[in-house]
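My numbering puts the first residue of the sequence shown at 330, with every later residue one more than the last.
Glycine included, C-beta positions come from ideal geometry on N, C-alpha and C.
Quantities reported herein were computed from a predicted structural model and do not represent experimental measurements.
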Amino acid sequence: MNNFFTWETLATFAGCAAATAVITQFVKSASFFKNIATQWVSYFVAIILLLGATYFTGALTWSSGALIPFNAVIIALSANGAYSAVLRATGTKENK
């Protein structure tokens, strides 16, 4: 494997959810995200990733673009749920 992520990987549910979770946890403590709920941060990250993956794989059409906001909800919810599950499994409390 030469790449950590490819646009084809980010176009999949699992790839986009994993990238969304990692990027959200990395950027959520930035000063301009302090007053925004983490769920919204992950939603916007998912939209950007899905838009980029769809565009760079050549699959962006009006109909596929119209589905991106809906798919981003599913991606963001699964990314947030996976992070919460890891916290519960390790008995860790999230630092806000």
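Anticipated Cβ contact below 8 Å, residue i with residue j, distance rounded
| i | j | result |
| --- | --- | --- |
| PHE322 | VAL370 | Given that the chain is displayed from residue 330 to residue 425, the structure contains no residue 322 and the question cannot be resolved. |
| GLN397 | LEU380 | Checking the displayed sequence, the identity of residue 397 turns out to be Ile instead of Gln. Indeed, because the Cβ distance is near 6 Å, the residues count as touching under 8 Å. |
| ALA348 | SER407 | Wrong, their Cβ atoms sit about 12 Å apart, outside the cutoff. |
Cα-Cα separation between residue i and residue j, rounded to whole angstroms
| i | j | result |
| --- | --- | --- |
| THR367 | PHE385 | 27 Å |
| LEU339 | ALA359 | 24 Å |
| ALA405 | ILE352 | 11 Å |
| TYR344 | SER392 | The sequence shown places Gly at residue 344, not Tyr. So the alpha carbons of these two residues sit roughly 22 Å apart. |
| THR419 | TYR412 | 11 Å |
| GLN354 | ASN409 | 10 Å |
For residue i, the nearest candidate out of the options (CA to CA)
| i | options | result |
| --- | --- | --- |
| PHE399 | GLU337, ILE377, GLN354, PHE334 | ILE377 |
| PHE373 | THR383, ASN364, ALA401 | ALA401 |
| PHE342 | THR383, ASN364, VAL415, VAL356 | THR383 |
Pick out the complete alpha helix (DSSP H) segments inside the segment 347 to 424, 4 residues or longer, and give them in chain order. 367 to 385, 391 to 419
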